[in-house]
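Heads up, the sequence shown is in my numbering, so the first residue is 10 and it goes up one at a time.
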Amino acid sequence: MAVLLPSRLQRSGRCLRAGRADGTAHTSRAGDPGGHRLPPACLPRPGLGDPRRERRFRRADTVDPRAGRGGRPGRGGRGDVVPDDVVFPGTPRPAYAGRSAPAGALPAGHRRIRRHRRSHFMTDRRRDRSQARHDVHDPGGVRLQKVLAGAGFGSRRACEELISAGRVSVDGVQVRELGIRVDPQRAVIHVNGLRVQLDDAVVTLALHKPAGVYSSMADEQGRPDLSQFVADRTERLFHVGRLDAETTGLILLTNDGELAHRLTHPSYEVPKTYVAEIEGRVARGLGRELKDGIELDDGPVQVDEFTVLETTPQASVVEVVLHEGRNHIVRRLLAQVGHPVTRLSRTAIGPIRLGHLKVGRTRVIEGRELGRLMSSVGL
Numbered sequence: 010m011a012v013l014l015p016s017r018l019q020r021s022g023r024c025l026r027a028g029r030a031d032g033t034a035h036t037s038r039a040g041d042p043g044g045h046r047l048p049p050a051c052l053p054r055p056g057l058g059d060p061r062r063e064r065r066f067r068r069a070d071t072v073d074p075r076a077g078r079g080g081r082p083g084r085g086g087r088g089d090v091v092p093d094d095v096v097f098p099g100t101p102r103p104a105y106a107g108r109s110a111p112a113g114a115l116p117a118g119h120r121r122i123r124r125h126r127r128s129h130f131m132t133d134r135r136r137d138r139s140q141a142r143h144d145v146h147d148p149g150g151v152r153l154q155k156v157l158a159g160a161g162f163g164s165r166r167a168c169e170e171l172i173s174a175g176r177v178s179v180d181g182v183q184v185r186e187l188g189i190r191v192d193p194q195r196a197v198i199h200v201n202g203l204r205v206q207l208d209d210a211v212v213t214l215a216l217h218k219p220a221g222v223y224s225s226m227a228d229e230q231g232r233p234d235l236s237q238f239v240a241d242r243t244e245r246l247f248h249v250g251r252l253d254a255e256t257t258g259l260i261l262l263t264n265d266g267e268l269a270h271r272l273t274h275p276s277y278e279v280p281k282t283y284v285a286e287i288e289g290r291v292a293r294g295l296g297r298e299l300k301d302g303i304e305l306d307d308g309p310v311q312v313d314e315f316t317v318l319e320t321t322p323q324a325s326v327v328e329v330v331l332h333e334g335r336n337h338i339v340r341r342l343l344a345q346v347g348h349p350v351t352r353l354s355r356t357a358i359g360p361i362r363l364g365h366l367k368v369g370r371t372r373v374i375e376g377r378e379l380g381r382l383m384s385s386v387g388l
């Protein structure tokens, strides 16, 4: 076996060439089984700036132990130990068809193909969106800007500007075309992310419940209930949540079953705000204690917010926000920390506030206010 050692190298000009054991230079191609395609070691090889070409040359420089056996064929039976996928300067680049891909990174051509495929994918997505936009159009419906104007979102011109700005969606699809028509009874429309209630048969009311009234639409014992405040309405309404008889404030009445279910279900965590008059001065650090949670007979409870509005040595006024719905939860909570409640009123349910609504009066929740309420529970 011919082994090339540093001591057997001869200098020819400025380049090192392999020599025989007796010191003479090779005259045949036995020392260059590639047919003089390998450049001298001292010359720079083109393309080495590319890591893929560098890997190919590194593989080509590997010496085959059978290369010096009198020109006997090496691997493949061709007398050439250079791998098929090696490309030398000045030789045509072999086609990749029918050959296994070299190890390492993919050729640049494959990357271009991949980007081309991605662009087709994005084109398909844009086509799907375009089809979806046309799917929301109902030829027999009402123009979208007219529907929005009737729902209280301004003049038709103002509603057209909302549509053109992309602030309106129909059935989950953003629309910008002014010619879109929709069915007000079936379409689900959102403006700025807020649901638009188009069904006139669905109604939601806010009631300021007075003290001494029970949270029921028909009390079995004949006690004062909520039905007396909506006796003039023809809808079959039911109350959302409860207030004990002595607690005043906001209570919602609706015939939208899904809205009522979500407002009362614990998983939606709708916050309720209460203002309570309590005995004694509030100690520093009470709010932190209530936010960390305290233990009651039926389990732990935490408040979302606690604010002291007024305080004197004899009494205080505090605001409590929590999403718990257990019976008498606010009264029991404050009594547990040494401040019995003397007066309690609920001032808000989610985004709906009691405001200046007089005791015993109702008002219709509609437009943007209703949209905020529905959006707060994912409708």
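The C-beta atom is built at its ideal place from N, Cα and C for all residues, glycine as well. Just so you know, these numbers come straight off a predicted model, no measurement behind them.
Burial state of residue i, where buried means 16 or more other Cβ atoms lie within 10 Å
i    : result
T213 : buried
K367 : exposed
H199 : buried
S276 : exposed
R395 : It is not possible to answer for residue 395, since the shown part of the chain is limited to 10 through 388.
R204 : buried
Q154 : buried
T371 : buried
Q206 : buried
T256 : buried
D301 : exposed
Integer Cβ distance of residue i from residue j, believed to fall under 8 angstroms
i    : j    : result
M289 : G347 : At residue 289 the sequence reads Gly, which differs from the Met that was named. Yes, G289 and G347 are in contact; Cβ-Cβ is about 7 angstroms, under 8 angstroms.
D313 : V330 : 5 angstroms
G376 : G161 : 4 angstroms
G258 : L363 : 6 angstroms
A254 : Y283 : Between Y283 and A254 the Cβ distance is about 16 angstroms, and since that is not below 8 angstroms, they are no contact.
D147 : V191 : 6 angstroms
L272 : L262 : Actually they do not touch by this definition, with Cβ atoms about 12 angstroms apart.
Distance CB(residue i)-CB(residue j) smaller than 7 angstroms
i    : j    : result
M226 : L235 : yes
L353 : A285 : yes
V326 : V291 : no
S173 : R185 : yes
V179 : L171 : no
V350 : L343 : yes
L2   : K281 : Beyond the ends of the chain as shown, which are 10 and 388, falls residue 2; an answer cannot be given.
Identified DSSP bridge partners for residue i
i    : result
Q345 : Answer is none; Q345 lacks a bridge partner.
L216 : I260, T371
P394 : Outside the displayed range of the chain (10 to 388) lies residue 394, so it cannot be described from this structure.
A324 : E288
R355 : G258, Y283
Q183 : S178
H199 : S178, R204
I189 : The partner list for I189 (beta bridge, DSSP) is empty, contrary to what the question assumes.
Run of the alpha helix (DSSP H) containing residue i, from where it starts to where it stops
i    : result
L153 : 153 to 159
R381 : 376 to 385
Endpoints, the beta strand (DSSP E) within which residue i is located
i    : result
H332 : Counting along the chain, H332 falls outside any beta strand (DSSP E), and DSSP gives it neither H nor E.
H248 : 247 to 249
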